[in-house]
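In our numbering, the protein residues as written are 729 to 1031. Here the structure comes first, spelled out in structure tokens, and everything after it is commentary.
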Ligand SMILES: Cc1cc2nc3c(=O)[nH]c(=O)nc-3n(C[C@H](O)[C@H](O)[C@H](O)COP(=O)(O)OP(=O)(O)OC[C@H]3O[C@@H](n4cnc5c(N)ncnc54)[C@H](O)[C@@H]3O)c2cc1C
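What follows is the structure, encoded as structure tokens:
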């Protein structure tokens, strides 16, 4: 039994706040800005990569960042008075360099309608904020990773610019023997970058220009599916998802049957919802082999 004078072993949370400051800001392309964040504690940042999501706690004018309790950061944040509660948005870690206590995040520039896109437009070296992410010392540092292909023989990835950091990160980490394809819809052809994908994974950039979100991605996925899907991939019908009432987030655990195909789709919620209907209800792809994620919703702020 521990007495009050004995130190209890500290429980490390799986996902916790890190105090960081901006170390670099690089304009990658018309759409993307890469921000490098540094902070001594980032040496403990979880290192799984892939589509690792994080929360970015953005500064309030004149207040900055209200500190959050390490263990119960979310309830601490929720119970703050309105004037002290910082906006929080979800992003992907594009690179982790634990040895120099740095991480990179690629932000989409989409005007000043939201606190995150507004913040990144004016980001300066030395700006302080808070990032909530995995701790490599926690029991499960894979919290926030949805890429779970199991033993699938072939992969399909599809997403818009908000999913591009995740897709690029996954592509670079695939086994060299991987087979499949990735479709990335971006605003401009100058947004395409080298991905480091294995030879067997065909990467197609789809610049949509002034067209609506999904106008390039949707037909590309349909055409690929038409050529590729066979009865071996077909599963039962499913009901539609109401994206007005909730978020679109369907992320199956790897199938115990070890499917032929694993698909991962993320982007604007109504675009992904339409593709879900096509893939699962019309094409009858087994939903247990597909992750569908609404990364954002046109006309609606996160939260
Ligand atoms: C798991 C996950 C990972 C993500 N990773 C990334 C990432 O690495 N990089 C990245 O840039 N985004 C990423 N996103 C998307 C990002 O969280 C949203 O775009 C978010 O809404 C941006 O916050 P904001 O404060 O700029 O805008 P909000 O305050 O949330 O929204 C304000 C307005 O802007 C619109 N809006 C939001 N995003 C966009 C957009 N991309 N284009 C056009 N209009 C938009 C909204 O519809 C709303 O009308 C990710 C989302 C999830 C769920």
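Backbone N, C-alpha and C fix where the C-beta goes; we use that ideal spot for every residue, glycine too.
Distance from the Cα of residue 915 is smallest, within the candidate group 899, 942, 903, for 942. Residue 772 sits buried, since 16 or more C-beta atoms from the chains shown fall within 10 Å of its C-beta. Taking every protein chain shown into account, the CB of residue 808 has fewer than 16 other CB atoms within 10 angstroms, so this residue is exposed. Residue environment analysis places residue 910 among the buried positions, since at least 16 neighbouring C-beta atoms fall within 10 angstroms of its C-beta. Placement of the Cβ of residue 944 at a distance of 6 Å or more from every heavy atom of ligand 1 is found.
For residue 1024, the Cβ falls inside the 6 Å cut-off from some heavy atom of ligand 1.
Between ligand 1 and residue 819, a heavy atom-to-CB distance of less than 6 Å is present. Listed in chain order, the non-local C-beta contacts of residue 815 below 7 Å within the same chain comprise 786, 843, local neighbours out to five positions each way being set aside. When the beta-carbon positions are compared, residue 835 and residue 848 come within less than 7 Å of each other.
Residue 800 and residue 901 have their C-alpha atoms roughly 32 Å apart. Contiguous alpha helix (DSSP H) elements confined to the stretch 783-814 occur at 801-806, taking only those with 4 or more residues. Assigned with DSSP and collapsed to three states, residue 758 falls in coil, not helix or strand.
DSSP places residue 831 in the strand class (E or B) of the three-state scheme. By the neighbour-count criterion, in which a residue is buried when 16 or more other Cβ atoms sit within 10 angstroms of its Cβ, residue 817 is buried. For residue 945 against residue 923, the beta-carbon gap comes to about 16 Å, at or over 8 Å, which does not count as contact. Pairing residue 788 with residue 745 gives a Cβ-Cβ distance that is not under 7 Å.
Look at residue 930 here: in three-state DSSP terms it is strand.
Distances from the CB of residue 890 to the heavy atoms of ligand 1 include at least one below 6 Å.
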